[in-house]
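In my numbering, the protein residues as written are 176 to 558.
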């Protein structure tokens, strides 16, 4: 019991001593000439994230108030059409590359063999025409004339006989017409055979030989081109087509990456502006993200303290949200023009003072500090 009474009596003494110590330390700090105390609110740079291309929103993967990491997906567009376009461009590149490779490889052996065969045929034709008709061709033509002559003579005799019979009434009109037609056909065949014999005996005409020689020259020229392979300009054109196809593929692949929207920095989602299933134009804000890695305290210093502060000075920042925790910061901006104290300052007396705005960038490794959070700061004049 005595021990408990001593403990009860000791507690008020400790509390009183702590309060007195706190007041003493606070008073020393408040009157410390090496410290300027300011207050304000935390601010951040907020970024409206949007797609570079129009399309249908397939999904939005973050919500308001959610913390996102740098590179994290926040939304995505439907990519079906763009993916199909990329596949088409890939096939075009493959076709263009194959065409260029074929040209650079030159003519195939079978193409050269085919061209050589055409030259041989053309040479044989020229030689045949220049040699004239062969004896066996003349003999065959004469034999054809003899056969045609014999047939024509027979048909002529038969026609004369049929005419006599017709006059005496022993043959009909139809029989006479049939005999006359047979003679006419035989006579025409005879004239045709005689003309063919004449041509064979005379041999090929000059124009036939010239045509054959022209065909030979054309075949030889084609053979030379096939052996030489494609012209350089043809290869250059094929290479240009391949480059165009590759550029089109690169553009398609780049546009495909635009269907995924990622956060450029770690931060806090301040607002969500679009839902899945909506069609959006390029540049339409999808979500707004605050960059919590780049957070600062907006504060104001009195005109009398302006000469005591400079960019780069160390600052200690505290908040009511995390009592007892100190955040390191530095002054990164001092306004060049004075302004009246903002109206959110509590007392009218302070609102009419001329002050200078300062920006205190604060380290926020754990993403604890949020925009709008009130904070106090101590500018260390002699750190």
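By construction, the Cβ of each residue, glycine as well, lies at the ideal position given by its N, Cα and C atoms.
In terms of CA proximity to residue 417, 276 leads the group 240, 276, 212, 540. Taking a cut-off of 8 Å for Cβ pairs, the stretch 235-245 and the stretch 434-448 touch, as three or more such pairs fall below it. The continuous stretches of alpha helix (DSSP H) do not include residue 532, which lies in the beta strand (DSSP E) extending over residues 529-537. Three or more Cβ pairs closer than 8 Å define a contact, and the stretch 253-262 falls short of that threshold against the stretch 470-488. Collapsing the DSSP output to three states places residue 328 in a helix. Taking 3 residues as the shortest admissible run, the stretch 442-529 contains the following complete beta strand (DSSP E) segments, listed from N- to C-terminal end: 442-447, 460-477, 489-494, 502-509. The alpha carbon of residue 335 has as its nearest neighbour, out of 291, 358, 310, the alpha carbon of 358.
Under the Cβ criterion (8 Å, minimum of three pairs), the stretch 529-548 counts as touching the stretch 461-479. Going by C-alpha positions, residue 432 is about 10 Å away from residue 228. Listed in chain order, the alpha helix (DSSP H) elements of length 4 or more contained wholly in the stretch 204-292 are 255-280. At a Cβ-Cβ threshold of 8 Å, residue 435 and residue 245 do not count as neighbours. In this structure, DSSP gives residue 429 a helical state, which the three-state scheme calls helix. CA-to-CA, the gap between residue 341 and residue 356 works out to about 15 Å. By alpha-carbon distance to residue 269, the top candidate from 450, 423, 554 is 423. Per DSSP, the continuous beta strand (DSSP E) segment holding residue 549 begins and ends at 549-555. Nearest neighbour of residue 272 by Cα position, chosen from 413, 321, 371, 503, turns out to be 413. Taking a contact as a CB-CB distance under 8 Å, the pair residue 556 and residue 213 does not count as one, their CB atoms being some 13 Å apart.
With fewer than 16 other CB atoms across the displayed protein chains lying within 10 angstroms of its CB, residue 458 is exposed. Counting only the Cα atoms, residue 455 lies some 22 Å from residue 465.
Secondary structure of residue 436 (DSSP, three-state): strand. Leaving aside the five residues that flank residue 501 on each side, the residues in its chain whose CB is nearer than 8 Å to its CB run, in chain order, 491, 492, 493.
A direct Cα-Cα distance of roughly 8 Å separates residue 477 from residue 528.
At a Cβ-Cβ threshold of 8 Å, residue 448 and residue 539 do not count as neighbours.
If the five residues before and after residue 297 are omitted, its C-beta is found closer than 6 Å to the C-beta atoms of 390, 391, 394, all from its own chain and listed in chain order.
Residue 420 places its beta carbon less than 8 Å from that of residue 267.
Residue 461 and residue 219 do not touch by the CB rule: their CB atoms are close to 18 Å apart, not below 8 Å. The shortest C-alpha to C-alpha distance from residue 321 to any of 236, 300, 344, 362 is the one to 362.
Residue 508 is classed as exposed because its beta carbon has fewer than 16 other beta carbons within 10 Å across all chains shown. Under the three-state reduction of DSSP output, residue 345 falls in the coil class, being neither helix nor strand. For residue 409, the CB contacts under 7 Å within the same chain, skipping 5 residues up- and downstream, are 278 in chain order. Within its own chain, the residues whose Cβ lies closer than 7 Å to the Cβ of residue 236, once the five positions on either side in sequence are excluded, are 248, 249, 250, listed in chain order. Nearest in C-alpha terms to residue 224, of all of 438, 288, 553, 290, is 438.
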